[in-house]
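In this note's numbering, the protein residues as written are 306 to 1110.
Glycine included, every Cβ here is placed at the ideal spot set by N, Cα and C.
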Ligand SMILES: Nc1ncnc2c1ncn2[C@@H]1O[C@H](COP(=O)(O)OP(=O)(O)O)[C@@H](O)[C@H]1O
Ligand SMILES: [Mg+2]
């Protein structure tokens, strides 16, 4: 059996079955030999050439492996060192020499003896092999870097400059892979193939290690955070204990507050439950914060605290007088309302609603009512509220949930019977998030509001003692169901003399003292105030007037600071420019030229009455009617009606038949002046069109308002006083109004009426008669059924319904 000369000789060697390790050539490995049979094999080797054959057993747990349970390929090794340990075991250090394959194995002497043939390693240098070597080298370097259990310097030194065979074995020995995988590498005799295989293993292992590392990093961070929190919590507890305010006492404190709050039975139970839950929670947890916040809210809303109400109506009257100039009717209505509320104990009455343009005193009347009745005052603007949750809150399950605005305001009031002003109810909008006006209805309904449900608070809250007041700029956009609940008090704009009075009695005093000035330092002449009103403001109320007065006060305050207390200034039309700068509103409309296709309407907008300059231009075209600006459907309809009227009257207006087929008409209404009262721009649009088509200018000093029907009838409109005030501000003294509005003149103060020549009209024909610079010339040759002269007696205006003062 030892014959073949080409092959390395087979030789007989003592064999040690080894477990849990595969020994590779060139590898120094220490291990302890314990099994008696192995110690005997070792002794034989030590007695001879110190060579042993090391082969791994399949199953590490078997103590007495049979030959079939041992891998057939192993390593011939030299024993470098051996030490007998006191317990009879022997510690050895071996160095692998070369691969060997078992040819035969026997254990006749009580230990294994193997006949082994060495496996020579032949390496043929080639470029491919070189490339493989360098690939494996660099992969191994990466592997060592990420593995963390191998020493980088030692490893890199160990593999440096080795040939493919030695390199692959050294790396194989140091890989952290399974025994089976290692054995497979040992059994891969061809060095090039082995190298390839090792490269692949390294690739995979590096990937695995990287993944492990990133997972470990995350886990580690989490652990650190948890530990840190725990540590801080413990520390906090210790500090609190040191300070003698343990959590205990804090919870006791809460308990006392709950008992003292005067909650409803339901709320009390909820609070007590929550407190119990809180006791069970770790004090710094997120959960306990949520719970604490909830308790804080339950404790913050007023449950029993009330203001002592003043029920004296005379007293209330005095307060209203003190705070406001004019507004006689409104004050009267308020006092009546208060009287009824007093008499009817369970005030199931309606809710007050102040309607009017900005700056006419709606809010300040509300504050006055609060003062007059001894209540607190809170105000909530509903402008832009479109989510039910803004009124009613979010359920506590939401992160960062809060009560709705109603409850928040009640907290702010601190009493359960404040005056609660709901500003701009008409600006509340509805969308997919739920209808806030439904929630508001419930708030305002005395049948329901004693058990108002806020989603966050989650217990019923009694709003029945709250004095609700709503305000709105215009009424028609308030949801009808809400309107039904309301007692509407309309406040219209002020005339200039009224504004001057308000300024003198209230605004100047307020702003002067706000700026720290004395009445010696600063006075306003009436003419000065008038100049501010005419040249720096154009509004129905007095908001901007107050702002400009405040401006003046601040400028004067600066002068006083610089020049000393003896400074005395009187504001007049001559010096107002020094304080307020360039005049903002110079020309009144009436001073402008008459123009073709430009008519002056009177509109009723959210900010009160306004002048509405309506323009029409013609272009060659095909009969299109275009309206620009955000005009809305109502304006479109009015424009169509106006057009129909004009077509039906074309011959009287001197227009060729089918004139409209050859032109495009473009109507422009400046934005921001769009009337809120629907179709009242009708006659203005028709006048504009008629002027543009006939090329006859419109009188700029005439303003008009009225709805128009398809057949040219003029229908009544609203907001009469506001519109007249606007005309007044614009310096216009002639207006055209629908005949049906004549009855409303009783409500217009004489002071306003006397400023105007008013024409009450029934038809559009009459409007044109007054508004156009000259009457249109009917088409000659045609025989109109109704001759134009018969229709408007143009030269004799006194025949018409007109009011001239
Ligand atoms: N009739 C009045 N008498 C005294 N001050 C008034 C009067 N009308 C309005 N004001 C004052 O004008 C300012 C604006 O009024 P405000 O109540 O805010 O108007 P609104 O709420 O209608 O927009 C306030 O300072 C208010 O006191
Ligand atoms: Mg207001």
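### Query
Which ranges does the alpha helix (DSSP H) cover as unbroken runs of at least 4 residues, wholly within the segment 772-851, from first to last along the chain?
Correct list: 785-789, 801-807, 813-819, 831-841.
### Task
Tell me whether residue 662 counts as near ligand 3, meaning its Cβ is closer than 8 Å to at least one heavy atom of that ligand.
You won't find ligand 3 in this model; what it holds is ligand 1 and ligand 2.
### Task
Consider the C-beta atom of residue 805 and the heavy atoms of ligand 1; say whether any pair is separated by less than 8 Å.
Distances taken from the Cβ of residue 805 to the heavy atoms of ligand 1 include none shorter than 8 Å.
#### Entry: Range covered by the alpha helix (DSSP H) that runs through residue 432
Element bounds for residue 432: 432-452.
### Message
Which runs of the beta strand (DSSP E) at least 3 residues long sit entirely within the segment 480-540? Give them in chain order.
### Response
For the segment 480-540, not a single whole beta strand (DSSP E) run of length 3 or above is found.
### Query
Can you give, in chain order, each stretch of the beta strand (DSSP E) that sits fully within the segment 603-671 and has at least 3 residues?
Listed in chain order, they are 656-660.
### Length at least 3, wholly inside the segment 916-950: the beta strand (DSSP E) runs in chain order
If we require 3 residues or more, the beta strand (DSSP E) runs fully inside the segment 916-950 come out as 930-933.
### Task
Starting from the Cα of residue 493, find the closest Cα among 405, 1053, 530, 878 and give me that residue.
The shortest Cα separation from residue 493 among 405, 1053, 530, 878 belongs to 405.
#### Entry: Inter-stretch contact at 8 Å, needing at least 3 Cβ pairs: the segment 447-455 / the segment 406-414
At 8 Å Cβ cutoff, the stretches do not touch.
### Query
Buried or exposed: which applies to residue 749, given that a residue is buried once 16 or more other Cβ atoms fall within 10 Å of its Cβ?
Classification for residue 749: buried.
### Task
Using 10 angstroms around the beta-carbon of residue 527, count the other beta-carbons present and answer buried if the total reaches 16, otherwise exposed.
Residue 527 is exposed by the Cβ-count criterion.
### Query
DSSP state of residue 1044, grouped into three classes?
Residue 1044: helix per DSSP, three-state reduction.
### Task
Let me know if residue 307 comes out buried or exposed under the rule of 16 or more other beta-carbons within 10 Å of its beta-carbon.
Annotation note: pLDDT 41 at residue 307 (below 50); position unreliable, no value reported.
### Task
Determine which residues share a DSSP beta bridge with residue 766 and list them.
Bridge partners of residue 766: 757.
### Task
Using 8 Å as the cut-off, classify the Cβ of residue 659 as near or not near the heavy atoms of ligand 1, replying yes or no.
A distance criterion of 8 Å places the beta-carbon of residue 659 in contact range of ligand 1, judged by its closest non-hydrogen atom.
### Task
Give a yes or no on contact between the segment 899-913 and the segment 656-671, applying the rule of three or more CB pairs nearer than 8 Å.
The answer is yes - the segment 656-671 touches the segment 899-913, with three or more Cβ pairs under 8 Å.
### Task
Give every residue of the same chain whose Cβ lies closer than 8 Å to the Cβ of residue 803, excluding the five residues on either side of it in the sequence, and list them in chain order.
Beyond the five residues adjoining it in sequence on each side, residue 803 comes within less than 8 Å, by CB distance, of 630, 631 in the same chain, given in chain order.
### Query
Since residue 902 contacts residue 997 with CB under 8 Å, what's their CB separation in whole angstroms?
Indeed they touch by this definition, with Cβ atoms about 4 Å apart.
### Query
Alpha carbon to alpha carbon, what distance is there between residue 375 and residue 473?
Cα-Cα distance, rounded: 23 Å.
### Query
Do three or more CB pairs link the segment 857-869 to the segment 950-967 at distances below 8 Å?
They do not touch, by the three-pair rule.
### Opening and closing residue of the beta strand (DSSP E) in which residue 387 lies
378-389 is the span of the beta strand (DSSP E), which, as asked, contains residue 387.
### Inter-residue spacing [alpha-carbon to alpha-carbon] between residue 602 and residue 596
Approximately 10 Å, taken between the alpha carbons.
### Task
Determine which residues share a DSSP beta bridge with residue 874 and list them.
827.
### Message
I'd like to know if the segment 505-516 and the segment 438-447 are in contact, where contact means that at least 3 CB-CB pairs between them fall below 8 Å.
### Response
Because the criterion of three Cβ pairs below 8 Å is met, the segment 505-516 and the segment 438-447 touch.
### Task
Could you tell me whether the Cβ atoms of residue 719 and residue 681 are closer together than 9 Å?
Yes, the Cβ-Cβ distance between residue 719 and residue 681 is below 9 Å.
### Task
Output the distance between the C-alpha atoms of residue 329 and residue 521, rounded to the nearest integer angstrom.
Cα to Cα, residue 329 sits roughly 32 Å from residue 521.
### Query
Going along the chain, which residues of its own chain have a beta-carbon closer than 8 Å to the beta-carbon of residue 739, five neighbours each way excluded?
Answer for residue 739: 692, 693, 694, listed in chain order.
### Task
In the DSSP assignment, find the beta strand (DSSP E) that holds residue 356 and state where it starts and stops.
In the DSSP assignment, residue 356 falls within the beta strand (DSSP E) that extends over 356-361.
#### Entry: Three-state secondary structure assigned by DSSP to residue 418
Residue state, collapsed to three classes: strand.
### residue 1064, buried or exposed, once every other Cβ within 10 Å from all chains shown has been counted against 16
Only buried fits residue 1064, as 16 or more other CB atoms lie within 10 angstroms of its CB.
### Query
Hey, is residue 667 close to ligand 2, as in C-beta under 8 Å from one of its heavy atoms?
Yes, Cβ of residue 667 sits closer than 8 Å to a heavy atom of ligand 2.
#### Entry: Residue range of the unbroken beta strand (DSSP E) whose run includes residue 903
903-910 is the extent of the beta strand (DSSP E) around residue 903.
### Task
Give the straight-line distance between the Cα atoms of residue 899 and residue 1048, rounded to the nearest whole angstrom.
Approximately 31 Å between the Cα atoms of the pair.
### Query
Looking at residue 729 and residue 778, is the spacing between their C-beta atoms short of 9 Å?
One thing to note: residue 778 has its Cβ within 9 Å of the Cβ of residue 729.
### From 674, 360, 638, residue whose alpha carbon lies closest to that of residue 419
Closest by alpha carbon: 360.
### Pairwise C-alpha distance: residue 860 and residue 925
Rounded to whole angstroms, residue 925 to residue 860 spans 56 Å at the Cα level.
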